[in-house]
Amino acid sequence: MSSQLNTPIYSGKIDPSQLSVAFRELSLCARSGTCVGVCPEGALSIGPDYYPQLNEDACTECGLCRKVCPGQDVSFENLNELSFNDVDVSDNFDGRVEEVHVGYATNETFRYGGAGGGVVTALLHDLLKNGDVDGCIVTRMRKDKPWLGESFIARTEEDLAASQGSRYTVIPFNAILKDVLASDGKYAIAALPCHLHGLRFALREIPELREKLPWIVGLFCGGALETYVVPELLETKKIKPDEIQDFQFRGGDWPGKMRAIMKDGEIRDLHYSNYKDGAYNYFIGLYMPDRCQTCLDGSNLFSDISISDAWTRDKQGNYKFAYHSRILVRNNHGKALLEKAVARGSLHAQNLGNDKAYQTHKQQTRRKGLNAPLRVERRRQSGIAVPFYGLPAAEATAQEKLTERAVSSLLWFGRFRFVRFNLIRFLTSSAAIPLINIRLWLKKRKYTKTR
Ligand SMILES: Cc1cc2nc3c(=O)[nH]c(=O)nc-3n(C[C@H](O)[C@H](O)[C@H](O)COP(=O)(O)OP(=O)(O)OC[C@H]3O[C@@H](n4cnc5c(N)ncnc54)[C@H](O)[C@@H]3O)c2cc1C
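Residue numbers 3 to 453, in my numbering, belong to the letters of the sequence shown in order.
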């Protein structure tokens with residue numbers, strides 16, 4: 003499995019300026035699937051590595067796929083206006099926030115089956131069971147290729163339970179818009195920032211979609227992982243992809259760990275410690291796609307309500323909120339969704355007010371709020387294609403610039419299979435347990451010192 007970009011994915015018969023960015027500059031494609039989902043001619047489909055592919059004979063050059071593409075032109079001012087009728091973009095990592103809560107699903111299957119506290123699923127289920135929507139657009143691992151994810155329409159409580167958990171891999175989520183447009187009814191959606199950017203553009207272009215998608219829940223995102231991450235991790239453990247029936251990025255006890263569910267039902271843990279302390283940083287440093295490296299939206303800035311992990315630690319450095327999710331309410335629509343779910347008993351939520359003791363996501367704020375903008379600006383100045391956000395260039399100290407360089411170098415090394423494969427083989431082996439322990443010790447020490 004390669005990570006080489008810029009291979010031609012169509013012959014060039016169609017004017018590329020009418021198409022989504024993948025057909026001009028593959029490295030800018032977010033693989034959100036939006037172009038595939040809206041194409042009125044069905045000329046686009048999901049191709050290798052989840053990039054779109056074009057049937058040139060069916061394309062009429064209508065330009066819709068270009069208009070909804072969230073790869074290149076992602077003006078935050080435009081998105082802010084589309085989402086909140088206001089061009090004033092908040093300049094902090096969390097974005098526009100009216101209320102902050104932590105919470106959990108009151109349904110225990112959802113709470114303990116979720117990545118955090120099952121809040122996303124509780125919000126969706128509340129709408130479904132009360133007849134507010136006919137289905138919910140969510141994800142699962144594929145039956146035919148369980149190392150890859152897909153989006154689908156959940157219509158039952160069981161479907162929703164099966165969709166739970168985080169799939170930290172690229173999924174062309176919005177390709178499902180094709181099915182939404184082809185069916186009657188209303189739907190709720192839970193999506194990552196790049197999916198939501200594409201969705202906001204699609205809602206602008208296709209009025210019919212506005213009726214069909216009244217409820218949008220956003221997920222935080224520190225970056226997805228390449229589509230080849232699962233096969234490579236399995237290979238380090240000498241497991242063949244066709245030996246598994248499912249794959250979990252955060253299975254088992256909170257906060258969960260990467261696990262392979264074998265065809266005979268055996269569950270195999272694929273690393274030590276948990277996802278947060280024993281895998282996340284390694285994988286995100288080696289498998290983050292190029293486009294995610296230049297994404298500046300980590301908190302789903304343009305959602306009505308945004309859900310994240312609740313990583314807050316206590317004074318001893320221990321997590322305070324196991325099996326909880328953090329909830330950012332951004333506008334009245336998001337507030338109505340949350341209040342409805344709480345009033346109907348689907349969700350328990352605690353309003354945190356402005357209490358600074360609950361602040362979290364420091365590392366992610368640095369990654370998305372500083373490193374990524376610096377990377378975008380550095381690449382832009384070197385003539386490399388980058389997304390356009392319409393934001394002022396980031397200011398930083400020499401040390402911050404050096405840190406961004408170091409992080410970017412590691413990401414660059416991740417392009418080479420030999421490097422990432424051997425690093426991951428070591429980092430997920432028992433030989434790396436001391437590293438995990440040192441990291442945990444440093445983290446606790448830092449916490450107890452700064453509090
Ligand atoms: C790629 C990715 C990166 C993330 N990065 C961060 C982060 O840096 N910091 C942070 O706090 N939180 C992050 N999250 C969100 C976090 O992991 C949880 O999804 C969130 O806290 C909700 O938990 P829950 O228990 O309320 O949701 P659950 O009830 O477990 O529901 C999870 C929902 O997420 C959907 N989902 C899972 N994977 C995908 C995907 N690839 N694309 C679209 N939808 C998906 C499922 O379909 C389901 O609807 C990330 C999630 C993903 C998928």
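Even for Gly, the Cβ is constructed at its ideal location relative to N, Cα and C.
A quick note: this is a predicted structure, and the numbers were derived from the prediction, not measured.
- Cysteine 138 is bridged by DSSP to Ala156 and Ala190.
- The three-state secondary structure of leucine 21, taken from DSSP, is coil.
- Using a 10 angstroms sphere on the CB of lysine 214, the tally of other CB atoms reaches 16 or more, which defines it as buried.
- Ranked by how close their Cα comes to the Cα of lysine 239, the residues Pro50, Gly187, Arg270 and Tyr325 have Arg270 in first place.
- Look at the beta carbons and you see the region 210 to 230 touching the region 155 to 175: at least three pairs across the two are nearer than 8 Å.
- When C-beta atoms of the region 38 to 45 are compared with those of the region 290 to 309, fewer than three pairs fall below 8 Å, so the two segments do not count as touching.
- Judged by beta-carbon spacing, isoleucine 191 lies within the 8 Å limit of isoleucine 218, meaning their Cβ atoms are closer than that value.
- Two segments are said to touch when three or more pairs of C-beta atoms, one from each, lie closer than 8 Å; by this definition the region 269 to 285 does not touch the region 141 to 152.
- Here the region 99 to 113 makes contact with the region 336 to 351; the two share three or more CB pairs at distances below 8 Å.
- Glutamine 295 places its beta carbon 8 Å or farther from that of glycine 167.
- The nearest non-hydrogen atom of ligand 1 is less than 7 Å from the C-beta of tyrosine 170.
- Residue pairing by DSSP puts arginine 315 in a beta bridge opposite Tyr321.
- Rounded to whole angstroms, the gap between the alpha carbons of serine 165 and threonine 141 is 5 Å.
- Annotated three-state conformation of lysine 145 is coil, per DSSP.
- Residue environment: asparagine 439 is assigned as exposed (fewer than 16 neighbouring CB atoms within 10 Å of its CB, all protein chains considered).
- A heavy atom of ligand 1 is found nearer than 7 Å to the CB of isoleucine 173.
- Around the beta carbon of proline 394, fewer than 16 other beta carbons sit within 10 angstroms, so the residue counts as exposed.
- Taking a C-beta distance under 8 Å as the contact criterion, glutamate 406 and arginine 382 do not qualify as a contact pair.
- By the beta-carbon neighbour count (other beta carbons within 10 angstroms, threshold 16), glycine 44 is exposed.
- By the criterion of a C-beta distance shorter than 7 Å, glutamine 20 is surrounded in its chain by Glu63, Gly65 and Arg68, once the five residues flanking it on both sides are discounted.
- Sixteen is the threshold: since fewer than 16 other Cβ atoms of the shown chains lie within 10 Å of the Cβ of lysine 358, the residue is exposed.
- Inclusion of tyrosine 189 and aspartate 136 in the CB contact set at 8 Å is warranted, their separation being smaller than that value.
- DSSP, reduced to helix, strand and coil, places proline 257 outside both helices and strands of the structure shown, so it counts as coil.
- In the structure shown, glycine 347 adopts coil according to DSSP, grouped into three states.
- In terms of Cβ geometry, threonine 367 and phenylalanine 78 do not form a close pair [threshold 8 Å].
- Within its own chain, the residues whose Cβ lies closer than 8 Å to the Cβ of glutamine 318, once the five positions on either side in sequence are excluded, are Lys446, Tyr449 and Thr450, listed in chain order.
- Annotation for glycine 187 indicates a beta carbon at 7 Å or more from all heavy atoms of ligand 1.
- For glycine 200, the uninterrupted alpha helix (DSSP H) run begins and ends at 195 to 207, by DSSP.
- For threonine 123, the shortest separation between its Cβ and any heavy atom of ligand 1 lies below 7 Å.
- When DSSP states are grouped into helix, strand and coil, threonine 108 belongs to the coil group.
- Not one heavy atom of ligand 1 falls within 7 Å of the beta-carbon of threonine 108.
- Here the alpha carbons of leucine 404 and valine 331 stand approximately 35 Å from one another.
- Residue pairing by DSSP puts histidine 103 in a beta bridge opposite Ile329 and Asn353.
- Distance from phenylalanine 112 to glycine 120 at the Cβ level is roughly 4 Å; contact confirmed, criterion being Cβ atoms closer than 8 Å.
- Glycine 287: not part of any beta strand (DSSP E); member of the alpha helix (DSSP H) spanning 282 to 289, first to last residue.
- In terms of side-chain proximity, the C-beta atom of histidine 197 is found nearer than 7 Å to a non-hydrogen atom of ligand 1.
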